[in-house]
Structure formats: structure tokens, C-alpha cells
Amino acid sequence: MFLTNFEFPRLIVILNDESSRIKIQKKILSLSTPDYHSYLKPKIKHFVHRKPEYMSILVVGSVAYDGIETPFGKVDRILGGSATYISLTASYFQKPMNLVGVVGNDFSDEDIQRFKDKEIDIDGLQIDESGKTFFWKGRYHFDLNNRDTLDTQLNVFEHFNPVIPEKYRNSKIICLGNIAPALQGKVLDQVNNPDLVILDTMNFWIEGDREELMRTLNRVDVLIINDSEARELSGEPNLVKASDKIRNMGPKILIIKKGEHGALLFTNSSIFSAPAYPIIDIFDPTGAGDTFLGGFAGWLGRSGDLSDDNFRRAVIYGSAMASFCVEKFGPERLFDLTPTEIADRYTEFRALSAIPLQSDKSF
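Yeah, the sequence shown ends on 363 if you go by my numbering, and it's all consecutive.
Below is the structure:
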């Protein structure tokens, strides 16, 4: 069995025993070409019990152009939008990706090709010749946690009506980017019994369209929001109590992003706290939350496993991908990642929160 460096993460997915998977992964990374084949061959027959059942992914959200200012630089126009970040990130785990969005008559052929190069199916991307692409411009403060919106031009996005192509309607995982709750509901009206629906929202919809948001929340499985949104949605300052209230609204799985403090995963049976990666050079936090969602969904789609343990792994993959996103402006870092970089970052995340076993069990 010949495995290239690009192919080995797929092998790791189908090794059912977690500790063995990590040991073999580290061994692969330490060996050069074809030396690792002799190491893997006897291991494969012990651990491979079935081929992974990939789950197709549909992403619906905004495709935009952004203007971004941070204390570390500025770009006047760069590819952006929730569907952009989600689909680009998930494409590292699952191909092809299915994308639904709308762009205007100024959307470049180069950016269309960038989606195609990542094997993102854009048959669902509407090109509206009547106007320009959604544009947002913002300036981040020095701590990068706060930003000022300088310009918002909805353009063709103002009248976006998501139409799901027939070939997308049986997608197993539905990723609903941060768009109006009514539009998210329209998407769910058009798909056929997905295995998992993941939704992102924001304070704007919590404050301004709460009734519609509540109807949509009742139809989703996973909600991903930040800590301030969780508090506002629940009316509860304590995040553990907030999670109980929110999960009673519909989604049985809640992920609360805490920026530089990591993320919390709440399920019916457990709470999991994921660390944040200690990044030295942060240039732009734009799209980090959407990138997290893309990594989370991408891993679940690739592994075909919706168990609580695998949700924890998915949170780590989401966090790992988000940590790459902030290293360059916009989604640029998401165009040049390698499987080895992703595997290394995942392993580093695990090491951040690993607790050594104590030989003496006395307190």
C-alpha cells in the first residue's frame, strides 16, 4: 500500500483507536518517504475496520468583498463572506463542497476560479448582473477583539433568495452561515432529511428578528455563537446556565466561542472546554468564526461520525483551522495550507490541554 504525504491524514481518520491513531500520525510525520510504508503495513490490518462514510456538506451564506484595517496593515478589497470562509475551510476535509450564495457583476473570474481550484461546487452561486457584490469595511482596535464598521453595502445580497439546486438537496450536513433567520429557514425547507444542521447567528438577529430566529433554532442540531451572543440570547450571564436555556430552544449541541480563551462545547451528556492556540502573529481576525465552523463541519463530514467524542475532535479541528485563518488578511491563509500543517496543528492543540497521568493516586 503506497501512501503519499498528502494521503496520510485520510488513513488517520479510519484508525478507530484514538491513542494508536495519534502514535501512528506522529511516526508518519517523523519518517520520510517510503520508509513509513513498512511501519504502517502491519498496523493497518489491526486498526482499519471500515472505510469512512463521508457526509456531503452544503454551505449557504454570504460571498462578499471586504475592506479590512488592523493595527498591522490594511487591504482595500479582499474576498470575504461567511460562505467563503466555511466552504474554503471544509474543502480541506471533504470534496466536493456545495456552495449557495449570490454575487454581483463585479465578482472577478479569478475569485470564481479560486473556488473551483478548491473543488467547491458553485452551481448554486447566483451571479446577479443587476448590481455589485456585498461589500463590508471595518477597522479593528489594537486588541483585535473589537471593531468598527466603516461601510456596509448590501448590494445584490439585499435581495438574496437561496435556491438549493436539486443535486444539493440530499446533503447530509447543512451549514447555515450568518444570514437572516428567515433565509436559513428557507434553506431547511428545500433539503431532504439532513443528518446534521449547523447554524451561526449574531446579535443583530437576536435583537432585531428574535421571533423568526426562535422558529429557525427549533429546526437545527448545532448552534455556534460567541459568549456575548449566548448571554443575550439566553438572558443568562452564566454560560453553563445559558447553555441549558439555549439547548431547550432546539439545538441539542451548543458551541460557545470565546475568542482568545478557546471554546466550550455543550451536549446532553457532557461539557468540553477547548483551549485557544497561542498565536504569535495575528494579522486579521475576520472570518475566524466562520473558519471554525468550516473546520468543525469538515471534520464531521470527513469522518462520518456524529458521536460526542467526535464532536470534541471536530471542535479542535475547527479551532486549529481558525488559528491558521488569522495569520494573514482575509481568507488568504486558507488557500495554501497542507495536510501536514493541519495534522501538526491538531496534535499541538491536543498537547495544550493534555494532563499527565498521576502515578500516586493519593491527594
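Glycine is no exception: its CB is placed at the ideal position from the N, C-alpha and C atoms.
Residue i burial status per 10 Å Cβ neighbour count (16 or more: buried)
i, result
"E229", "buried"
"V163", "exposed"
"T33", "Its pLDDT being 49, under 50, T33 is placed unreliably by the model, and nothing is read from it."
"I280", "exposed"
"D330", "Asp is not the amino acid found at residue 330; the sequence shown has Gly there. So G330 ends up on the buried side."
"I255", "buried"
"G287", "buried"
"E7", "Reliability fails at E7, whose pLDDT of 40 lies under 50, so the model's placement of it is uncertain and no value is given."
"N146", "exposed"
"L150", "exposed"
"V240", "exposed"
"S62", "buried"
"T4", "Any reading at T4 is ruled out, since the residue's pLDDT is 36, under 50, leaving its predicted position unreliable."
"G177", "buried"
"I198", "buried"
"D308", "exposed"
"I355", "exposed"
"L357", "exposed"
"T152", "exposed"
"Q113", "exposed"
"D76", "exposed"
"I57", "buried"
"A182", "exposed"
"F311", "buried"
"D109", "exposed"
"S303", "buried"
"D189", "exposed"
"G235", "exposed"
"S82", "buried"
Coarse secondary structure for residue i, derived from DSSP in three states
i, result
"Q373", "Because the chain here runs from 1 to 363, residue 373 falls outside it and cannot be looked at."
"A263", "strand"
"D109", "helix"
"T340", "helix"
"E69", "strand"
"L15", "The predicted model places L15 with a pLDDT of 45, which falls under 50 and marks its position as unreliable; any figure quoted below should be read in that light. In this structure, L15 counts as strand in the three-state DSSP scheme."
"A180", "coil"
"D281", "coil"
"D244", "helix"
"A64", "strand"
"S76", "According to the sequence shown, residue 76 is Asp rather than Ser. Three-state DSSP puts D76 in a strand."
"Q358", "coil"
"R139", "strand"
"A314", "helix"
"A405", "Past the edges of the chain, shown from 1 to 363, lies residue 405, and the structure says nothing about it."
"K186", "helix"
"K167", "helix"
"V222", "strand"
"H208", "Residue identity check: residue 208 is Gly in the sequence provided, not His. In this structure, G208 counts as helix in the three-state DSSP scheme."
"V326", "coil"
"A351", "helix"
"D200", "strand"
"L88", "helix"
"D128", "coil"
"F103", "According to the sequence provided, residue 103 is Val. The question's Phe does not apply to it. V103 falls in the strand class under three-state DSSP."
"L334", "helix"
"D195", "coil"
"L58", "strand"
For residue j and residue i, believed in contact at Cβ under 8 Å, the rounded distance
i, j, result
"D195", "K172", "5 Å"
"I224", "K257", "7 Å"
"M55", "L293", "Going by Cβ atoms, the distance from M55 to L293 rounds to 15 Å, so no, they are not a contact pair."
"P275", "L352", "4 Å"
"T267", "K252", "7 Å"
"V59", "C175", "5 Å"
"L437", "D111", "With the chain covering 1 to 363 only, the question about residue 437 has no answer from this structure."
"D209", "A242", "Not really, about 20 Å apart at Cβ, beyond 8 Å."
"P71", "F160", "That belief does not hold up - the Cβ atoms of P71 and F160 are roughly 33 Å apart, past 8 Å."
Extent of the continuous beta strand (DSSP E) run through residue i
i, result
"T152", "147-153"
"L254", "253-257"
Residue range of the alpha helix (DSSP H) that includes residue i
i, result
"D290", "288-303"
"D227", "227-234"
For the region 100-113 and the region 310-329, state whether three or more C-beta atom pairs, one from each stretch, are separated by less than 8 Å.
no
Does the region 324-332 come close enough to the region 79-90 that 3 or more CB-CB pairs lie under 8 Å?
yes
Are the region 201-219 and the region 116-125 touching, with three or more C-beta to C-beta distances below 8 Å?
no
Can you find at least 3 beta carbon pairs, one from the region 123-143 and one from the region 66-74, that sit closer than 8 Å?
yes
Within 8 Å, do at least three Cβ pairs link the region 257-273 to the region 334-347?
no
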